[in-house]
Each structure stands twice: as C-alpha cells, then as structure tokens.
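Under my numbering, the first residue of the sequence shown is numbered 1, with each subsequent residue one higher.
Positions of the beta carbon are idealized from the N, C-alpha and C atoms, including for glycine.
Given the structure is predicted, the values throughout are model-derived calculations rather than measurements.
Notes follow once the structure below has been shown.
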Amino acid sequence: MDPLTEKYGCTESVRKNLPDDETIYDLASLFKMFGDPTRAKILSCLQIRDLYVGELAEILGMSDSAISHQLRVLRSAKLVKGTKEGKEVRYSLDDDHVTKIMEYGLTHVNEDR
1 MDPLTEKYGC TESVRKNLPD DETIYDLASL FKMFGDPTRA KILSCLQIRD
51 LYVGELAEIL GMSDSAISHQ LRVLRSAKLV KGTKEGKEVR YSLDDDHVTK
101 IMEYGLTHVN EDR
C-alpha cells in the first residue's frame with residue numbers, strides 16, 4: 001500500500017465519490033463553452049437582459065451571422081434559449097444555473113482585482 005494512502009486512508013473514499021467519466025467529460029465540455037471570449041461576451045450580455053441577434057451584433061461589433069453561429073453553439077450546450085417573436089428570436093440565458101455560473105465565474109475572476 002502507498003505510504004500516503006496508508007497514512008491518510010482517503011484514496012478509496014475519494015475514488016467512490018468521484019463522478020463517472022461521462023459526467024466529467026460533460027463538465028469539461030460545458031466549461032469549454034466559457035473558454036471562447038465571444039461566447040463569454042454573449043453570455044455576459046444576456047445576463048444583463050434578453051436580446052435579439054441584431055442587438056448582440058451591434059453591441060459586440062460583429063456580423064449577425066457570426067453571432068448566430070455562436071448562439072447555435074450556446075444553444076446546443078443548453079446555455080441559451082431562443083423565444084420566437086414574430087420573425088425574430090429573442091435570446092436569453094437558459095436557466096438560473098447559467099446565471100449562477102456566470103456570477104460565480106465573474107466573482108472568482110474579479111476577487112484579486
């Protein structure tokens with residue numbers, strides 16, 4: 001037995017409580033969504049208020065098609081949702097979990113500034 005395991009006896013306890021590989025993979029994929037600055041900006045905008053593609057494009061100085069592409073990626077990750085309003089779609093954060101992830105992330109980033 002490893003001397004540290006023998007000393008601390010915690011290895012098996014940690015191993016039993018570790019999420020399975022699929023869950024860890026899904027978690028890593030989720031956090032990857034926040035790794036792209038454009039997606040992080042879109043999420044930050046939607047944290048403030050619901051917006052249309054054109055509004056996001058204007059705010060971020062990007063084309064509608066570039067914003068639409070990123071929104072498709074964010075929708076596939078269930079981070080944003082769209083609500084059809086006539087011919088347009090208004091986008092918002094998908095749920096309170098996304099809002100909390102953004103809040104905690106910003107708090108963590110800003111704690112030493």
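Residue i - partner residues in DSSP beta bridges
| i | result |
| --- | --- |
| V53 | Beta-bridge pairing links V53 to no other residue. |
| T83 | R90 |
Pair within 9 Å by beta-carbon distance, residue i and residue j
| i | j | result |
| --- | --- | --- |
| I59 | L51 | yes |
| A57 | A66 | yes |
| L27 | V98 | no |
| G61 | E88 | no |
Beta-carbon separation (whole angstroms), residue i vs residue j, contact threshold 8 Å
| i | j | result |
| --- | --- | --- |
| L93 | L79 | 7 Å |
| R39 | L74 | 6 Å |
| L46 | Y104 | The pair is not a contact, with the Cβ atoms about 16 Å apart (cut-off 8 Å). |
Closer than 8 Å: residue i CB and nearest the ligand FAD heavy atom
| i | result |
| --- | --- |
| D20 | The model depicted lacks the ligand FAD and carries no ligand whatsoever. |
- Whole alpha helix (DSSP H) elements within the segment 23-48, 4-residue minimum: For the segment 23-48, whole alpha helix (DSSP H) runs of length 4 or above, ordered along the chain, are 37-48.
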